[in-house]
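Peer 1:
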């Protein structure tokens, strides 16, 4: 009877023995690798994912470790959605060149036990990835200098686009980079750094001196500028009347698009005053009491015709406008009434 008793123990030993582990090639692929059309692409996706898991496993903080893995899985999923095989291959290649993907590394030997550190000693930072180098910050530098700095650091730089600016001093300088140089940003040696450069949105001032005012304003408008009349130069030569005598910016001066260019035109000198005529003084911006005194000394009468509300306490009580308006050489009959509008401080 003893031989019969040994059978159950033999069978139990057979069932209790561990099954051999499946080789790595037969491991199930992650679900985001299944949409790849070819098995070769799906296997590469799974291989890169295994390498990323090993790389992210070095990160001590759990939230950062999860973000490291999830961001890479989203990258692989976007590669699977590419339209054709060439785009899918380029997507995976670009990811690996930029340091987004890492090929799986052989398992490292277990580290030797370290002596216990003092309680006040902070934990050692995670070692940088093999081949990773700090990303230099070239934002604000001239593009030529930025490319040289990247080349000396073992990276490749390329201008990707331009950003318009109204600041001429910023023209030709780097506005941003991809990837952006955050604190402790590291990339693989030889990675491509894309640069965006400031471009000055400026125009050269055309020469409009001697042109009729209408033609001068048209030339400035076509150049992307605005014109404004800022005075008159008296001349008895009637052939020059209505033509530009001077311009605020010399020809060739570079201004931001939309800037205003002041013009002065030739005009006839003022005629002598007739009997009972007086020049209308300009009292706009003066306190009301002072404006009334100036008009009275000129032989005119002043009266408040209305108010304009303002939030500027310094303008309250000052003249905002007059009727008639005190244009250059404006003249009125002695004793005429000049209506004033005055600023009043708005209620808070």
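In the UniProt record's numbering, the protein residues as written are 1 to 348.
For every residue, glycine included, the Cβ atom is placed at its ideal position computed from N, Cα and C.
Remember, it's a predicted structure, so these values are computed and weren't measured experimentally.
Exposed or buried, what is residue 158 when buried is set at 16 or more other beta-carbons lying within 10 Å of its beta-carbon?
Peer 2: Classification of residue 158: exposed, given that the 10 Å Cβ count is below 16.
Peer 1: Hey, which unbroken runs of the beta strand (DSSP E) at 3 residues or more fall wholly within the stretch 198-275?
Peer 2: List check, beta strand (DSSP E) in window: 202-204, 226-234, 244-247, 254-256 and 260-267.
Peer 1: Going by alpha carbons, who is nearest to residue 232 out of 175, 153 and 327?
Peer 2: If we check each option's Cα against that of residue 232, 327 comes out closest.
Peer 1: Can you tell me the Cβ-Cβ gap for residue 248 and residue 262, rounded? I've got them flagged as a contact below 8 Å.
Peer 2: Their Cβ separation, rounded to whole angstroms, is 4 Å, which keeps residue 248 and residue 262 in contact under 8 Å.
Peer 1: If you pair each beta-carbon of the stretch 159-171 with each one of the stretch 193-210, do three or more pairs fall below 8 Å?
Peer 2: Contact between the stretch 159-171 and the stretch 193-210 is present, because at least three Cβ pairs lie under 8 Å.
Peer 1: Residue 142 and residue 190 - do their beta-carbons sit closer together than 7 Å?
Peer 2: No, Cβ-Cβ distance for residue 190 and residue 142 is not below 7 Å.
Peer 1: Please name the residue or residues paired with residue 343 in a DSSP beta bridge.
Peer 2: 308, per the DSSP bridge assignment.
Peer 1: So, are the CB atoms of residue 211 and residue 244 less than 7 Å apart?
Peer 2: Result yes, Cβ atoms of residue 211 and residue 244 sit closer than 7 Å.
Peer 1: Taking the straight line between their C-alpha atoms, what separation do you get for residue 133 and residue 182?
Peer 2: For residue 133 and residue 182, the distance between alpha carbons rounds to 13 Å.
Peer 1: Short of 8 Å in beta carbon distance, which residues of its chain neighbour residue 330, apart from the five on each side in sequence? Order them along the chain.
Peer 2: These residues qualify, in order along the chain: 279, 280 and 324.
Peer 1: Quick one: what does DSSP say residue 51 is sitting in, helix, strand or coil?
Peer 2: Helix.
Peer 1: Which of the three DSSP states is assigned to residue 326 in this structure?
Peer 2: Residue 326 falls in the coil class under three-state DSSP.
Peer 1: Excluding five sequence neighbours on each side, which residues of the same chain lie with their C-beta closer than 8 Å to the C-beta of residue 162?
Peer 2: Cβ within range, chain order: 196, 197, 198 and 199.
Peer 1: Let's see if you can read the secondary structure: which residues bound the beta strand (DSSP E) around residue 77?
Peer 2: No beta strand (DSSP E) contains residue 77, which is instead part of the alpha helix (DSSP H) from 62-80.
Peer 1: At what residues does the alpha helix (DSSP H) containing residue 402 begin and finish?
Peer 2: Outside the shown range of the chain, which is 1 to 348, sits residue 402, and nothing can be said about it.
Peer 1: Excluding five sequence neighbours on each side, which residues of the same chain lie with their C-beta closer than 6 Å to the C-beta of residue 217?
Peer 2: So the qualifying residues of the chain are 227.
Peer 1: Threshold first: 3 residues or longer. Then list the beta strand (DSSP E) segments lying entirely within the stretch 272-304, N to C.
Peer 2: Complete beta strand (DSSP E) runs here, min 3: 277-279.
Peer 1: If I follow the unbroken beta strand (DSSP E) through residue 135, where does it start and stop?
Peer 2: That residue, residue 135, is in no beta strand (DSSP E); it is neither H nor E in DSSP.
Peer 1: Exposed or buried, what is residue 48 when buried is set at 16 or more other beta-carbons lying within 10 Å of its beta-carbon?
Peer 2: That one is buried.
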